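For the sequence shown, this note's numbering assigns the number 10 to the initial residue and increments by one for each residue that follows.
All C-beta atoms in this analysis are idealised placements derived from N, C-alpha and C, irrespective of residue type, glycine included.
Since we're looking at a predicted model, the values are computed, not measured.
Inspection log for the structure reproduced underneath, given as C-alpha cells.
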Amino acid sequence: MKIFIKTYGCQMNERDSEAIGALFEKSGHTLCDDENSADVLLFNTCSVRDAAERKAKGKIGYMRKLKNRNPDLIIGVMGCMAQRLGDQLLAELPHLDFVLGTGQLHKALETVENIARNRQRVSSTLPSLEEIDMLGEHRNNSWSAQIAITRGCNRFCSYCIVPYVRGREVSRTRDSIIAEAENLIANGVREILLLGQNVAAYGLNGDIRPPAEGHSPFAELLEALNELPGLERIRYTSPYVSYFNDRLISALASCSKVCHNIHLPLQSGSDRILQAMNRQYTAQSYREKVASLRQAIPDLTFSTDVIVGFPGEEESDFEATRELMNEVGFEQAYIFKYSPRPGAKSALLADTVSEEEKLRRNNILLDDLQLRIGKKLKNMTGSTVEVLCEGVSARNSSRWTGRTGTNFVVHFEPDTQVKTGDLRNVRITGCGQVSLFGELI
Ligand code: 5AD
Ligand code: SF4
10 MKIFIKTYGC
20 QMNERDSEAI
30 GALFEKSGHT
40 LCDDENSADV
50 LLFNTCSVRD
60 AAERKAKGKI
70 GYMRKLKNRN
80 PDLIIGVMGC
90 MAQRLGDQLL
100 AELPHLDFVL
110 GTGQLHKALE
120 TVENIARNRQ
130 RVSSTLPSLE
140 EIDMLGEHRN
150 NSWSAQIAIT
160 RGCNRFCSYC
170 IVPYVRGREV
180 SRTRDSIIAE
190 AENLIANGVR
200 EILLLGQNVA
210 AYGLNGDIRP
220 PAEGHSPFAE
230 LLEALNELPG
240 LERIRYTSPY
250 VSYFNDRLIS
260 ALASCSKVCH
270 NIHLPLQSGS
280 DRILQAMNRQ
290 YTAQSYREKV
300 ASLRQAIPDL
310 TFSTDVIVGF
320 PGEEESDFEA
330 TRELMNEVGF
340 EQAYIFKYSP
350 RPGAKSALLA
360 DTVSEEEKLR
370 RNNILLDDLQ
380 LRIGKKLKNM
390 TGSTVEVLCE
400 GVSARNSSRW
410 TGRTGTNFVV
420 HFEPDTQVKT
430 GDLRNVRITG
440 CGQVSLFGEL
450 I
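Below, the structure written as C-alpha cells:
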C-alpha cells in the first residue's frame, strides 16, 4: 500500500511519524508525498494549541472528498488530538477509519492492515506500557537523527495539555538509547537530537523535584553518547531551566560533541505570571541559571518559548517578559498567543487578554527579536565558524547550507569535496535577515 503521513506539532511528533513510516516500509509498504495517490492517509496530530487542532481538523475534514472518490481509502488520526478526542472524532468524521492515541502509535501498522482486511472502524486511546521502547525504528536516510529518550511530562504547567495527552513521564534505559545511537551512527548519522518533553529530567523516575546538586542522569547519558566514535554532534530539546544543576552544567562544558545551544523555555518574565503558570522558577533564578551556563560555556546561544496573553497578564507583566528577553538576548524565540486548552488548569481562568492585544504583544517581541538577530549576525562577519554541511540550499541551488553548533544557519558555495554530514570551517562574509553567508576554508 502507499502511505501518506502528515505531521502536526512538535519534534516528538515528527520523530513518531518517522518511526511509524519506517514500520510500514519494513513490512513492504511505501511512503508517498501525494495524498491523492495514497491508499492510506495518516494524520499525526497536536493538541498543544487550539490553532494546531483546528488546522488538523480542517485538513482531515477536507479528506472526505478523497474518500468519496475512493471508498477503499483508509484514513487514520493519531497522536495528541486523537488521544484527547478519541471516539468523538469517529463520531464527528464519518469518513475516518481509525483513531489511535499517543500510547497506541506502535499499533498503526497492525491497525491499517486489519482495516484493509475487515473494514471495521477502530478507536483506541489506552495508555501503553510497551510503547516506550517500541517506536525505535528509523528510516536511516540522513546524517542527522532524533532519539526520543523520555516520553510524557509530570510538570503540569497550568496552561499545558501535554501531561493529559502524553501521560506521565517515562525514561528509556541508557542501554537501549546507546544501542539506538550506535545503530544510527553505523548507518551514517553524524548528529543526534535527543528528545523529551522535559529532556533534562531523564532518568529521574518521574520525581517532580529537580535533582540535587551533583546528580544528573541526563549528564551521564550525554557523557556516554559523547564517547561514541563517528558521532560529531549531540543536541537536545527541551530542558526545563531548574534541571541545570552543577553536574549537568559541567557535563555540557566538558562534552566536546554537545552543541553550544540550548532551547530554554521561559514562558514569562513576570514572577506573578510564572506562579500562575505553575512554573517552578522566578525571573531572577532563570537569569542566574543563564549566567552560570554562560560562565561555563561562553559562546552558548539560547532560544526560548514565550506565551503572551496568559490570563491576567497586565502590561507590566508583559514589559517584564520583554525586558528579560532583551537582557538574555535570545538568538531565537517562539512566541505563542495563549489559548485555553480544555482539561488544563488555566482553562478555568477567564481569558482576559483580547486577541488584538495578544497579537500586539506577540509582534512587539518578534520585532525585538528581529532587531537583535540582525545585530548578532552582522557582528559575526569576518569570523570563522565550524558548520555541519546539510546539503544544497533550499532557496538557491548553487549554494549549500550548514549549521553551526550554536545553531546559526550558514549558506556557502560548495567545493568538489563537500559531502552532507561533513564538518567544515567557513569564513563569514555577510548575512541576510536570519542567516549567514560565507566561504569554505
Ligand atoms: N497556549 C499557548 N501556548 C502554549 N504552549 C503550550 N501550551 C500553550 C497554550 N495553552 C506553548 C509553550 C510551550 C510550547 C510548546 O507551546 O510555550 O513551550
Ligand atoms: Fe503537540 Fe505537545 Fe503533543 Fe507535541 S506533545 S504534539 S507539542 S500536544
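Next on the checklist: Taking 8 Å as the limit between beta carbons, can you name the residues of its chain near Leu144, skipping five residues before and five after?
Outcome noted: Arg24, Asp25, Ala28, Ile29, Leu114, His115 and Ala157
Item to check | Inter-residue spacing [alpha-carbon to alpha-carbon] between Ala31 and Cys41 | outcome: Whole-angstrom Cα-Cα distance: 12 Å.
Checklist entry - Nearest to Leu445 by CA position, among Phe253, Asp81 and Met389, is which residue? => result Met389
Item to check | In DSSP terms, what Trp409 is bridged to | outcome: The secondary-structure analysis by DSSP pairs Trp409 across a beta bridge with Val401 and Phe421.
Item to check | Range of the contiguous beta strand (DSSP E) that encloses Ala342 | outcome: Boundaries of the beta strand (DSSP E) around Ala342: Gln341 to Lys346.
Item to check | Cut-off 8 Å between Cβ atoms - residues of its own chain near Arg256, not counting five sequence neighbours on either side | outcome: Pro220, Glu222, Gly223, His224, Ser225 and Ala228
Checklist entry - From what residue to what residue does the alpha helix (DSSP H) around Ala305 run? => result Ala292 to Ala305
Item to check | Arg350 versus Asp81 - alpha carbon distance | outcome: 35 Å
Checklist entry - So, is Leu375 buried or exposed, given that buried needs 16 or more other C-beta atoms within 10 angstroms? => result Counting Cβ neighbours within 10 Å, Leu375 comes out exposed, since fewer than 16 surround it.
Checklist entry - Can you find a heavy atom of the ligand 5AD that lies under 7 Å from the Cβ of Phe339? => result no
Checklist entry - Going straight from the alpha carbon of Asn207 to that of Phe319, what length do you get? => result Approximately 21 Å between the Cα atoms of the pair.
Checklist entry - Going by beta carbon distance, what residues of the same chain come within less than 8 Å of Val443, once the five residues before and after it are set aside? => result Ile382, Leu386 and Val418
Checklist entry - Hey, Thr134 and Ala190: beta-carbon distance below 8 Å or not? => result no
Checklist entry - By a C-beta neighbour count over all protein chains shown, 10 Å radius and 16 as the cutoff for buried, is Asp106 buried or exposed? => result Buried, because 16 or more other Cβ atoms sit within 10 Å of the Cβ of Asp106.
Next on the checklist: Mapping the DSSP letters down to three states, classify Leu8 as helix, strand or coil.
Outcome noted: In the structure as shown, the chain begins at 10 and stops at 450. Residue 8 is therefore absent and cannot be evaluated.
Next on the checklist: Is it buried or exposed, Glu365, if we count other Cβ atoms within 10 angstroms and call 16 or more buried?
Outcome noted: Under this definition Glu365 is an exposed residue.
Next on the checklist: So, does the region 123-132 touch the region 160-170, judging by three or more C-beta pairs under 8 Å?
Outcome noted: no
Next on the checklist: Helix, strand or coil for Ile83? Go by DSSP, reduced to three states.
Outcome noted: strand
Next on the checklist: Out of Tyr252, Gly239 and Tyr168, which one is the CA nearest neighbour of Asp216?
Outcome noted: If we check each option's Cα against that of Asp216, Tyr252 comes out closest.
Next on the checklist: With three or more C-beta pairs closer than 8 Å as the rule, is the region 244-251 touching the region 268-276?
Outcome noted: Between the region 268-276 and the region 244-251 there are three or more C-beta pairs closer than 8 Å, enough to call the two in contact.
Item to check | Span of the alpha helix (DSSP H), counted from its first residue to its last, around Glu23 | outcome: Gln20 to Lys35
Checklist entry - Listed by chain order, which residues have C-beta atoms less than 6 Å from any heavy atom of the ligand 5AD? => result Val57, Arg58, Tyr168, Cys169, Pro274, Gln276, Asp314, Ile316, Phe345, Tyr347, Ser348 and Arg350
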